[in-house]
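Residue 196 in my numbering sits at position 204 of the first sequence, with consecutive numbering throughout.
This report refers to the structure that appears directly beneath it.
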Amino acid sequence: MSDELPPQYTPGAVEPGLYRWWETKGLFSPGQGKGKGAPFVIMMPPPNVTSILHMGHGLTYTVQDVLTRFERMRGRVTLWLPGTDHAGIATQNVVERLIAQEGKTRFDLGRREFEDRVWAFVRETGDTILQQLRALGASADWSRTYFTLNEDLSRAVREVFVRLYEKGLIYRGKYIINWCPRCLTALSNEEVEKEEVDGKIWWFRYPLEDGSGSITVATTRPETMLGDTGVAVNPKDKRYRKLVGKQVRLPLVDRLIPIVADSEVDPKFGSGAVKVTPAHDPLDFEIGRRNQLEAIDILTPEARLSETVPSRFQGLDRFEGRKQVVAEFEKLGLVEKVESHRHAVGHCYRCETVVEPRLSDQWFVKMAPLARPALQAYVDGTLRFIPERRGEEYRQWMEGIRDWCISRQLWWGHRIPVWYCDQCGEMIVAREEPTRCSCGAPLRQDEDVLDTWFSSWLVTFSSLGWPDKTKDLERFYPGSTLVTAPEILFFWVARMVMAGCWFMGEIPFSTVYLHGTVRDTQHRKMSKSLGNGIDPLEVVSRFGADALRYTVISGMAVGTDVILDPNDLETSFSPGRNFANKLWNAGRFVLSNLGGPADRRTGGPIRPLAGDYPDVVKPEELTLADRWIISRCNAMVIQATEAYDKYRLNEAANAVYHFLWSDFADWYIEQIKPRLYGDQRGGDVARAVAARTFETALQLLHPIMPFITEALWKRLPARDVEASISISAWPRPDRRAHDPEAERAFALVQELVVAVRQIRAEYGIEPGKSVRAVVTASGKDAQKAFQAESGTIRRLAKLSELRFGGDSAGVGASAVLTDRSSLFVPLGEVLDLEKERARLQSELERLAKLIENQKAKLGNEQFVSRAPQEIVAKEREKLSSWNEQHAVLAEKHRRLVG
RNA sequence: GGGCGAAUAGCUCAGCUGGUCCAGAGCGCCUGCCUUACACGCAGGAUGUCGGGGGUUCGAAUCCCUCUUCGCCCACCA
């Protein structure tokens, strides 16, 4: 069958079928508890139901899949639990845009019908993103897929709400919240993105009521003055002490407002006097409360000036109102000055609209008690962050935690489980809808829904059946690792830790791995609005899922960003594709040769050497090259496994890449070619070793490139067609394989071959033309190695003859090698004497410089006495070998000159 | 304003706990090759004051300080 493999790998022809096969075989389910040790559980950050796949998903889900596949192969019971998020605002916005195309608003439809529309939309397109994840090769257990608005998760949400309420940790009240005038809802602090902007600060004069002058206040939002109900100064501020208690006649509004003293006012900022707008600023709200100042909400929900302001301003947009207010102040001559002022302005994280601080009646969670254990877990080290520095952000946020505004004035979400009786004023907080008030009157449910994150902060247990005590909950809580983007550290990760500690009494995962962000070559985040995104599905179809995965993994050190060029997918993804193709062809070669002469004769099935090479090949049958590749392979296993373990996925990718491409393909395959067609037993040994090491490399690479490794692995003759590499046993380091002697020896062989090639290239010897080479190997290791692999050397260096010792005095090119050996290639008429002299000259200079430095180093008594003995010995060794090389070369040089 | 981080080849980046990789990879570039697995390839080659300065050390790209330039998180100075 391997003969059918085409010379170019076409992922599109392989990937979908393999994925279906994995899924059909149920390879992604955790099985029935057969694995060793604690289960590996990784909670998928639920993508928004409405979202379509972007590179950010491509990165995060690839990382999660790599870890999942790695642990699965190590034999652990593995659960990667997927789900989708109902994404309150985001989804509501999408559907509102849809009905806007029909010229309608949600208010035209009414709440009930609108909700139906959203549900219909979600049912229709809700699993798009999950389908797309399959194209990446994501090995999640789809049978357990959750949705944050499903009944079982809703039940958990209500349970949590009621429990927190009963503990006094949920309360309702009028406070300044962040209001999005476009989404028409309150937002939590985390949902507001602060952005530094160059704005202005206006200094306004407010006339004193008694006509004795004025007091100057500074503001960045002049329109809010329409809601001013006081002016505050610091009680210690001598400048204003006399004015406290006086009244100000508020311009434009003509309202009398008091000057009050409040220690929160910073005398050094602005004029030292603050206009107080209790309904539109958190600090002003506090000052207003302390000084019994009225709060006047001057804005409509859409942030237009309301009927609370003079009629000429009513209905103006807030920014238009700002202009008008400034204009009128100017006309009145009350503008003292205008300065440019850089400050942070809040924007809605969903629609980028400038957020308005606004006094509003909302539900809140008291966070301090919840934060305490969650912070403690970090402090003790039970909760670990990768990279570590991210932990500090977590700590700071926890330490400065503020209450969480959880009510949203939306229609899509978990309805707040609170009912009111308009008859007797009773408020009922309940898990299930009560039928009637105790007074007999009908009840009215709170209009608001909960913040989307109020359901997602529970998924580490709610998705496993909580509040019921399910088997899943027992088996899979707490989980192991949480992998996500740093952007949702506070939205989600921190809150999950809090919820886990509070409701389950245990942190929900012990490791938080925050990977980097996908950016373009200008280091800008990829986003729809910038138009710098990359469509992962396009990448999959052009380069293959494996190429995409390899690219993001190899391009990402721990916690660093992945840079991709949206305008040049070829540059970004071809290395991954090329690697897959290289692998494919190495596989093609190995597979097509596994048969060997014997099988070719019989034409029978190809099953030459099943099992481990140590079982079917005696150690003494191994050639130097065999021992070398086996040892290199073993080193790769150790290195890559450790890298996976430490989340250094790029290092794992590099280790396998280097092994497969440089060691296996460039050297080992080239080395065994003649053996395969040589004597029967020698060929069998090579085949066994090649198959074994190649298979091992496939396994090590499988977490990163699952498709092609599976495709090739399945074709290995020793494999059952029904077996899958994804559940094959992770290769273990083998002490017998470790062979430093063979590694050193083969490195000498490589060095010799490269040296000849260099000379050939230097003198432009035609590739087809053979040359002779004379090697002087004084070192024992080199001698042995060159003898053992003389055939390899002759072939790979295209030598007609390889002589050991003897005449190296003629006209030719020379090179020195390590372990006291040297190379001479007689070139006769081809040799350009001048060129060779120059070449040797520069070589000599290079060596001389090294020797000089080395002598200085060893001449330094401090070094000799203080550095560890082995280091000193090594350095001495270096010096002597360089000296010898120098001597040999100097001799050659002399002859050329003479 | 508080906290954290980064500056290494033309480009994008590795380099973990200071001493063999006389500093690495991929891409790009130069030279020669369709060598019976692969031109998505093979062989060879060029390119770096490891941001500047100082310090610790026998020894620093790797640790400390400082300067410069970028970046991230947090923040109710109106």
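Quick reminder that beta carbons are idealized off the backbone N, C-alpha and C, glycines included.
- [ ] Check whether the region 511 to 522 touches the region 9 to 25, taking contact to mean three or more Cβ pairs, one atom from each stretch, closer than 8 Å.
- [x] Segments in contact, no.
Between M518, F321, N283 and W445, which has its C-alpha nearest R197's C-alpha? Here the question's residue 197 lines up with position 205 in the first sequence. Distance check between R197 and each of M518, F321, N283 and W445 places F321 closest, using alpha-carbon atoms only.
- Message: Taking 8 Å as the cut-off, does the region 333 to 353 touch the region 137 to 151 (at least 3 CB pairs, one atom from each stretch)?
- Response: Short answer: they don't touch.
Q. By the 10 Å Cβ neighbour count, where 16 or more other Cβ atoms means buried, how is Y505 classified, buried or exposed?
A. Working through the first sequence from its first residue, we reach residue 505 at position 513. Burial call: buried.
Query raised in the report: In angstroms, rounded to a whole number, what distance separates the CA positions of K870 and M36?
Result: Locating residue 870 in the first sequence gives position 878, counting from the first residue. Locating residue 36 in the first sequence gives position 44, counting from the first residue. K870 and M36: Cα-Cα distance of roughly 53 Å.
Output needed for R667: all residues of its chain with C-beta closer than 6 Å, excluding positions within five of it in sequence on either side, in chain order. As a first step, residue 667 is located in the first sequence; it is residue number 675 there, counting from the start. Here the set comprises G674, G675 and A678.
Practice problem: Verify whether the separation of the beta carbon atoms of Y163 and K358 is less than 8 Å. | Solution: By 1-based counting over the first sequence, the position of residue 163 is 171. By 1-based counting over the first sequence, the position of residue 358 is 366. Contact annotation: Y163 and K358 have beta-carbon atoms nearer than 8 Å.
Exercise for review: Leaving aside the five residues before and after T269 along the sequence, list all residues of the same chain whose C-beta is less than 6 Å from its C-beta, in chain order.
Suggested key: As a first step, residue 269 must be located in the first sequence, where it is residue number 277. Here T269 has T216, G219, D220 and D276 as same chain residues with Cβ atoms under 6 Å from its own Cβ, once five neighbours each way along the sequence are excluded.
Where does I843 fall in DSSP's three states? Counting from 1 along the first sequence, the entry for residue 843 is found at position 851. In the three-state reduction of the DSSP assignment, I843 falls in the helix class.
What residues in its chain sit with their C-beta under 7 Å from that of I661, if we drop five residues either side in the sequence?
Start at 1 with the first residue of the first sequence, and residue 661 comes out as number 669. Same-chain partners within the cutoff: A578 and F581.
Notebook entry, point to check: What three-state label does DSSP hand E498 in the structure shown?
Noted result: Residue 498 sits at position 506 when you count from the first residue of the first sequence. In the structure shown, the three-state DSSP call for E498 is coil.
| Nearest to Q672 by alpha carbon, out of L586, N85, Q854 and K761? | Numbered from its first residue, the first sequence carries residue 672 at position 680. Q672 has its Cα closest to that of L586, out of L586, N85, Q854 and K761.
By DSSP, does E348 sit in helix, in strand, or in coil?
What you label residue 348 is simply residue 356 of the first sequence in a count that begins at 1. Of the three classes helix, strand and coil, the one that applies to E348 here is strand, per DSSP.
**Prompt:** To which residues does DSSP link P199 through a beta bridge?
**Reply:** Reading the first sequence from its first residue, position 207 is the one you call residue 199. Answer by DSSP bridge pairing, in chain order: S206.
Do you know whose CA, among S399, R886 and F305, lies nearest W445's CA?
Taking the first residue of the first sequence as 1, we reach residue 445 at position 453. That would be S399, whose Cα lies nearest to the Cα of W445.
Burial state of L450 (16 or more Cβ within 10 Å): Position 458 of the first sequence, counting from 1, holds the residue named residue 450. The residue is buried, with at least 16 neighbouring Cβ atoms inside 10 Å.
### Task
Starting from the N-terminal side, write out each stretch of the alpha helix (DSSP H) that is 4 residues or longer and does not extend beyond the region 510 to 561.
DSSP runs (the alpha helix (DSSP H)) wholly in the region 510 to 561: 528 to 535 and 537 to 546.
Problem set entry | Residue nearest to G48 in terms of C-alpha spacing, selected from I717, D527 and A627 | The count along the first sequence starts at 1 and reaches residue 48 at position 56. Comparing Cα positions, the closest option is D527.
Taking the C-alpha atoms as reference points, what is the distance between S502 and R487? For the purposes of this step, residue 502 is taken as residue 510 along the first sequence, with counting starting at 1. For the purposes of this step, residue 487 is taken as residue 495 along the first sequence, with counting starting at 1. Taking the Cα positions, S502 is about 14 Å away from R487.
Whole angstroms are fine: how far does the CA of T810 sit from the CA of S873? Within the first sequence, numbered from 1, the residue matching residue 873 stands at position 881. Within the first sequence, numbered from 1, the residue matching residue 810 stands at position 818. Approximately 7 Å, taken between the alpha carbons.
Self-check item: DSSP-derived helix/strand/coil call for Q631
Solution: Here the question's residue 631 lines up with position 639 in the first sequence. Per DSSP, reduced to three states, the secondary structure at Q631 is helical.
inquiry  = If you reduce the DSSP assignment to three classes, tell me which class V431 lands in.
reply    = Taking the first sequence and counting its residues from 1, the one referred to as residue 431 is at position 439. In the sequence on display, residue 431 carries Cys and not Val. Coil.
Could you pull out every residue in the same chain whose Cβ sits closer than 8 Å to the Cβ of V327, ignoring the five residues on either side in sequence? As a working mapping, residue 327 is identified with position 335 in the first sequence. Excluding the 5 residues flanking it on each side, V327 has same chain C-beta neighbours closer than 8 Å at W194, W195, F196, R197, V318 and F321, in chain order.
Would you identify the three-state DSSP class for N170, choosing helix, strand or coil?
Taking the first sequence and counting its residues from 1, one reaches residue 170 at position 178. Three-state result, N170: strand.
| said: In chain order, what are the residue ranges of uninterrupted beta strand (DSSP E) at least 3 long that sit wholly in the region 709 to 758? | reply: Runs of the beta strand (DSSP E) inside the region 709 to 758: none found.
>> Just to check my reading of the structure: G80 and G405 have Cβ atoms closer than 8 Å, yes? What is that Cβ distance to the nearest angstrom?
In response: Here residue 80 refers to the residue found at position 88 when the first sequence is read from its first residue. Here residue 405 refers to the residue found at position 413 when the first sequence is read from its first residue. So it is a contact: roughly 4 Å between Cβ atoms.
- Query: In three-state DSSP terms, what is H878?
  - Reply: Translated into positions along the first sequence, residue 878 becomes position 886. Assigned with DSSP and collapsed to three states, H878 falls in helix.
Does the distance from the C-beta atom of E735 to that of S623 stay below 8 Å? Within the first sequence, the letter at position 743 stands for residue 735. Within the first sequence, the letter at position 631 stands for residue 623. The beta carbons of E735 and S623 sit closer together than 8 Å.
message: In the DSSP output, what is F796 paired with across the bridge?
response: Looking up residue 796 in the first sequence gives position 804. Looking at the DSSP assignment, F796 forms a beta bridge with V767.
**Asked** Which residues mark the beginning and the end of the alpha helix (DSSP H) in which T117 is found?
**Response** Here the question's residue 117 lines up with position 125 in the first sequence. Where T117 is concerned, the enclosing alpha helix (DSSP H) starts and stops at R103 to T117.
For D353 and P293, what's the separation of their Cα atoms in angstroms? Position 361 of the first sequence, counting from 1, holds the residue named residue 353. Position 301 of the first sequence, counting from 1, holds the residue named residue 293. Their Cα atoms are separated by approximately 13 Å.
Legend entry - Nearest-angstrom beta carbon gap, I207 and I251 [assumed within contact, 8 Å]: Taking the first residue of the first sequence as position 1, residue 251 is located at position 259. Taking the first residue of the first sequence as position 1, residue 207 is located at position 215. The Cβ separation is near 7 Å, so the contact holds.
Report task. State the beta-bridge partners of G280 as determined by DSSP. Result -> By 1-based counting over the first sequence, the position of residue 280 is 288. DSSP, once it has assigned bridges, lists no residue as partnering G280.
* Asked: In the structure shown, what three-state DSSP assignment does K866 receive?
  -> In the first sequence, residue 866 corresponds to position 874, counting from 1. K866: helix per DSSP, three-state reduction.
task: Report all residues from its chain with a CB closer than 8 Å to the CB of L561; omit the five preceding and five following residues, and keep chain order.
output: As a working mapping, residue 561 is identified with position 569 in the first sequence. Cβ neighbours of L561 beyond the five flanking positions: I526, E530, V531, R534 and F535.
*Measure how close the beta-carbons of A130 and D57 come, nearest whole angstrom, since I'm counting them as under 8 Å.*
By 1-based counting over the first sequence, the position of residue 130 is 138. By 1-based counting over the first sequence, the position of residue 57 is 65. Rounded, the Cβ-Cβ distance is 5 Å, consistent with contact.
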